[in-house]
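For reference, the structure is listed below as structure tokens.
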Amino acid sequence: MEVLTTKVAIIGSGPAGLLLGQLLYKAGIEHIIIEQRSADYVSARIRAGILEQVSVDLLTQAGVDQHLNQQGLPHSGIEILTQGIKHRIDLTALTQGKQVVVYGQTELTKDLMQARTQAELSSFYEAQDVQVHGFYDMPFVTFEHHGIQYRVNCDFIAGCDGYHGVCRASVPKENIKTFEKVYPFGWLGILADVPPVAEELIYVQSDRGFALCSMRSKTRSRYYLQVPLTDKVEDWSDQRFWDELSKRLDDESRQHLVTGPSIEKSIAPLRSFVTEPMRFGKMFLAGDAAHIVPPTGAKGLNLAASDIAYLSSALIEFYTEASAQGIEQYSEKCLQRVWKAERFSWWMTHLLHRFENESEFDLKIKQAELAYVLGSVAGQTTLAENYVGLAYEGKAML
Ligand code: FAS
Ligand code: PHB
29 MEVLTTKVAI IGSGPAGLLL GQLLYKAGIE HIIIEQRSAD YVSARIRAGI
79 LEQVSVDLLT QAGVDQHLNQ QGLPHSGIEI LTQGIKHRID LTALTQGKQV
129 VVYGQTELTK DLMQARTQAE LSSFYEAQDV QVHGFYDMPF VTFEHHGIQY
179 RVNCDFIAGC DGYHGVCRAS VPKENIKTFE KVYPFGWLGI LADVPPVAEE
229 LIYVQSDRGF ALCSMRSKTR SRYYLQVPLT DKVEDWSDQR FWDELSKRLD
279 DESRQHLVTG PSIEKSIAPL RSFVTEPMRF GKMFLAGDAA HIVPPTGAKG
329 LNLAASDIAY LSSALIEFYT EASAQGIEQY SEKCLQRVWK AERFSWWMTH
379 LLHRFENESE FDLKIKQAEL AYVLGSVAGQ TTLAENYVGL AYEGKAML
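Throughout the sequence shown, residue numbering follows the numbering used here, covering 29 to 426 in sequence.
Dropping the structure here:
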């Protein structure tokens, strides 16, 4: 058994784990990342695409914004298509100058991994049988790597291991409460090297179901269709995808739609999920390990970033100012922002998707709600300020 010692053991090398590692490194705080998958697998995952301004600011603070500044696409508005008509939400005008940046999570992960390699920081990829122990008093992590058993003694464990990770699962049931809503449909996503159908994202509410027209660059597009949970990705040829997307679009967008072979196609289930609290003694949960949102509000990756803003700030404060205030407040501060993002993501999903058991009355009310939001400055403002990202509560990294 190889025994290692560090200050913070980070479980998971997704955006949350990598960003925490980068911020701790910048503050000179020793840590290790332990990841079950290979580095190639992690860096190839295709997921989110929208960064809130506060997330961009945090990445700048972490010193990994060079590629983002060159390749990221600032967007000052989004379109909502309903009943054949597109309504632009002027995000920047409605939020006193804020915007979002279109930048793929895949690129962000590569930027963080590259920074980590350049700094020659300690990461264990393809770690097997990762287990967390003693997190209420003397934390340590065990795992196997290339046939060698390891034990990592640490001051703190950061559970950045996603929804299916080991950290949350290791908390005694009596110490944790979870809240969950599973949606009766999924998102079929396609990535294709074709120019986007429009300059800005189009969120589509149609009788045939939700669709989303997004992008990764001016030559690479990302599209989603709401599909029944019973669908399998092999049920969907590229042609069937393009035909269905086209049916959900308005005439103008349909004419501009450029189709082509998919380079990735997958179906993601949709759920709302929150863990309370997010700290268990000397173990913290951050990102998808603690919460999941339906991607309709583009909040998943951004919530991981805000958790890490609080957690990195708390750990830096602990080691540089010998203060445990940030640590004590971590869970409460994160959950205030998490629940507001959960609400917004639930609201956008409810408003824009078709639900099987909706009555005609339900549909009329939903249409009236959407008409009010799109037709009122107050309604548009509430959508805009949530979409660009609410301010961080209290002291965070920024
Ligand atoms: P992640 O899940 O990204 O990373 C967790 C890491 O921990 C993984 O690398 C995993 O291999 C590792 N791990 C798990 N168990 C482990 C163990 N026992 N030991 C060691 N390592 C372990 N968000 C959006 O905003 N927009 C989107 O369009 C969008 N699409 C998505 C599509 C899919 C299919 C999924 C699953 C999520 C999507 N999300 C989207 C949300 C996504 O972007 C997450 O919010 C983001 O990846 C969160 O990052 P992490 O918290 O780091 O979790
Ligand atoms: C994406 O580009 O992957 C994306 C954009 C906005 C969303 C969800 C996903 O709300």
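Beta carbons are placed, not taken as given, at the ideal position from N, Cα and C, and that holds for glycine.
Taking its Cβ as the centre, do 16 or more other Cβ atoms sit within 10 Å of residue 282, making it buried, or is it exposed?
Exposed, because fewer than 16 other Cβ atoms sit within 10 Å of the Cβ of residue 282.
If you measure between the beta carbons of residue 286 and residue 335, is that distance less than 9 Å?
Contact flag unset, no.
For the 8 Å Cβ check, are there 3 or more pairs between the region 164-176 and the region 81-97?
With the cut-off at 8 Å, the region 164-176 and the region 81-97 do not touch.
How is residue 426 classed by DSSP in three states: helix, strand or coil?
Interpretation of residue 426 is limited by its pLDDT of 47, a score under 50 that renders its predicted location unreliable; the figure taken from the coordinates is listed afterwards. Here residue 426 sits in coil by DSSP.
Would you list the residues whose beta-carbon is nearer than 5 Å to any heavy atom of the ligand PHB, in the order they occur in the chain?
Taking each Cβ in turn, the ones that pass are 77, 78, 242, 250, 323, 326.
Give every residue of the same chain whose Cβ lies closer than 6 Å to the Cβ of residue 208, excluding the five residues on either side of it in the sequence, and list them in chain order.
Counting only Cβ-Cβ distances below 6 Å, and skipping sequence neighbours, we find 301.
In or out: residue 76 buried (at least 16 other Cβ within 10 Å) or exposed?
Flag for residue 76 reads buried.
Can you name the residues that DSSP bridges to residue 215?
DSSP output for residue 215 lists 254, 296 as bridge partner(s).
Does residue 203 pass the burial test, meaning 16 or more other C-beta atoms within 10 Å, or should it be called exposed?
Label assigned to residue 203: exposed.
Looking at the structure shown, is residue 187 part of a helix, part of a strand, or coil, going by DSSP?
Correct three-state label for residue 187: strand.
According to DSSP, simplified to helix, strand and coil, what is residue 151?
Here residue 151 sits in strand by DSSP.
For the candidate residues 109, 62, 29, whose alpha-carbon lies nearest to that of residue 395?
Here the closest residue by C-alpha is 109.
Excluding the 5 residues preceding and the 5 following residue 309 in the sequence, name in chain order all residues of the same chain whose CB lies nearer than 6 Å to its CB.
Around residue 309: 163, 164.
CA-CA distance, residue 221 and residue 235?
Going from the Cα of residue 221 to the Cα of residue 235 covers about 28 Å.
Do the region 88-96 and the region 376-390 make contact, defined as three or more Cβ pairs closer than 8 Å?
The region 88-96 vs the region 376-390: no contact.
Using the rule of at least 16 other Cβ atoms within 10 Å of the residue's Cβ for burial, across every protein chain shown, is residue 404 buried or exposed?
So residue 404 counts as exposed.
Looking at residue 188 and residue 168, is the spacing between their C-beta atoms short of 9 Å?
No, Cβ-Cβ distance for residue 168 and residue 188 is not below 9 Å.
Can you name the start and end residues of the beta strand (DSSP E) that residue 127 belongs to?
Careful: residue 127 lies outside any beta strand (DSSP E) and carries neither H nor E.
Measure the alpha-carbon distance for residue 115 versus residue 107 and round it to whole angstroms.
Residue 115 and residue 107: Cα-Cα distance of roughly 5 Å.
Is any heavy atom of the ligand FAS found at a distance shorter than 8 Å from the C-beta of residue 63?
Checking every heavy atom of the ligand FAS against the Cβ of residue 63, one is found closer than 8 Å.
Ordered along the chain, which non-local residues of its own chain (more than five positions away) have a Cβ less than 7 Å from that of residue 411?
So the list reads 117, 401, once near-sequence residues are dropped.
Taking 8 Å as the cut-off, does the CB of residue 189 come closer than this to any heavy atom belonging to the ligand FAS?
Yes; taking the cut-off as 8 Å, the Cβ of residue 189 has a heavy atom of the ligand FAS nearer than that.
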